[in-house]
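Just so you know, the protein sequences line up as chains D and L, in that order.
Each residue of the first sequence is one higher than the last, beginning at 211 in the numbering used here.
Each residue of the second sequence is one higher than the last, beginning at 14 in the numbering used here.
Take a look at the structure set out below.
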Amino acid sequence: ELKVEQNPLFLSMQEGKNYTIYCNYSTTSDRLYWYRQDPGKSLESLFVLLSNGAVKQEGRLMASLDTKARLSTLHITAAVHDLSATYFCAVVNAGKSTFGDGTTLTVKP
Amino acid sequence: NAGVTQTPKFRVLKTGQSMTLLCAQDMNHEYMYWYRQDPGMGLRLIHYSVGEGTTAKGEVPDGYNVSRLKKQNFLLGLESAAPSQTSVYFCASSALLGDTQYFGPGTRLTVL
Chain D
211 ELKVEQNPLF LSMQEGKNYT IYCNYSTTSD RLYWYRQDPG KSLESLFVLL SNGAVKQEGR
271 LMASLDTKAR LSTLHITAAV HDLSATYFCA VVNAGKSTFG DGTTLTVKP
Chain L
14 NAGVTQTPKF RVLKTGQSMT LLCAQDMNHE YMYWYRQDPG MGLRLIHYSV GEGTTAKGEV
74 PDGYNVSRLK KQNFLLGLES AAPSQTSVYF CASSALLGDT QYFGPGTRLT VL
């Protein structure tokens with residue numbers, strides 16, 4: 211059974227600071243997604259990582275994948291309030307997605 | 014292009030009542046999914062469909078039934094609601110299995 215662990219589960223940051231969210235998974239994966247969920251809203255896809263060493267960046271967010279370590283990271287650079295949300299990684303194996311429990315990010319001025 | 018829509022947005026049931034949640038997508042996607050999201054947890058897959066007329070069990074299927082009579086619609090039924098089914102239910106669709114999933118706005122269900 212595929213297990214996906216995210217840490218931290220809660221993260222409070224000051225604006226302008228950098229931080230990294232980690233996503234570990236237990237078995238081989240076809241691909242890995244990062245999603246964002248705003249409070250009371252639905253999930254929106256941010257990145258898809260398809261192979262070892264893949265790196266995707268958009269704005270202040272950068273995601274990477276190390277398939278050998280079974281680890282993905284979501285790095286936040288110079289956080290701003292608009293990044294406050296819950297971030298989920300989802301690992302795909304045999305076509306099915308298993309979600310982590312999410313990291314709730316709060317960016318404070 | 015509405016994407017994925019869900020009906021209703023909110024619902025309160027009494028224990029033992031039944032209801033059906035409707036999901037519709039206009040992207041011509043083959044694959045559709047029903048998830049539940051509980052506080053502090055990620056999404057757990059209830060059932061999914063790989064095409065019109067097909068359904069399959071996910072991680073937490075007990076107490077739920079589904080049907081996919083038309084490609085654009087995926088229905089989730091609760092035959093006899095229980096308080097443990099209080100949750101937010103999300104529908105999603107994707108073009109291919111394992112592809113990016115597009116999510117609906119969610120249905121908040123409370124079972125008293």
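Every residue, glycine too, gets a C-beta built ideally from N, C-alpha and C.
What separation, rounded to the nearest whole angstrom, lies between the Cα atoms of residue i and residue j?
i         : j         : result
ALA288(D) : PRO74(L)  : 42 Å
MET32(L)  : HIS42(L)  : 25 Å
LEU88(L)  : ALA37(L)  : 9 Å
SER100(L) : THR296(D) : 17 Å
LYS227(D) : PRO52(L)  : 28 Å
THR20(L)  : LEU58(L)  : 19 Å
Within 10 Å of its beta-carbon, does residue i have 16 or more other beta-carbons around it, so buried, or fewer, so exposed?
i         : result
LEU109(L) : exposed
LEU122(L) : buried
MET45(L)  : buried
THR238(D) : exposed
ALA300(D) : buried
THR279(D) : Note that residue 279(D) corresponds to Ala in the displayed sequence, not to Thr. Classification for ALA279(D): exposed.
SER93(L)  : exposed
GLN267(D) : exposed
THR308(D) : buried
TYR302(D) : According to the sequence as given, residue 302(D) is Val; it is not Tyr. The residue in question, VAL302(D), is buried, as its Cβ has 16 or more Cβ neighbours within 10 Å.
PHE257(D) : buried
THR313(D) : buried
ASP112(L) : buried
Mind checking if residue i is an interface residue toward chain D, Cβ cutoff 9 Å exclusive?
i         : result
TYR115(L) : yes
MET45(L)  : no
TYR61(L)  : yes
GLY53(L)  : yes
ARG57(L)  : yes
GLY64(L)  : no
LEU110(L) : yes
ALA105(L) : yes
Leaving out the 5 sequence neighbours to the left and right, which residues in its chain are closer than 7 Å to residue i when beta-carbon positions are compared?
i         : result
SER294(D) : LEU315, THR316 and VAL317
THR11(L)  : In this structure chain L extends from 14 to 125, so residue 11(L) is not present and cannot be described.
PHE103(L) : TYR48, GLN50, LEU56, PHE116, GLY117 and GLY119
LEU91(L)  : SER31, MET32, GLY76, TYR77 and GLN98
Please go through the same chain and pick out, in chain order, the residues whose beta-carbon is closer than 6 Å to the beta-carbon of residue i, but skip the five residues on each side of it.
i         : result
TYR229(D) : MET223 and ILE286
VAL265(D) : SER274
PRO319(D) : GLU225
LEU281(D) : ASN234
Between which residues of its own chain and residue i is the CB-CB distance below 8 Å, once the five residues before and five after are set aside?
i        : result
THR68(L) : HIS60, TYR61, SER62, VAL79, SER80 and ARG81
Where does residue i fall in DSSP's three states?
i         : result
LEU293(D) : helix
GLN98(L)  : helix
GLY250(D) : coil
ASP240(D) : coil
ARG81(L)  : coil
HIS42(L)  : coil
Under a CB-based cut-off of 9 Å, is residue i close to chain L?
i         : result
SER294(D) : no
ARG241(D) : yes
ASP276(D) : no
VAL265(D) : no
Using beta carbons (cut-off 9 Å, strictly below), is residue i in contact with chain A?
i        : result
PRO21(L) : Considering every chain present, this structure includes no chain A. Its protein chains are D and L.
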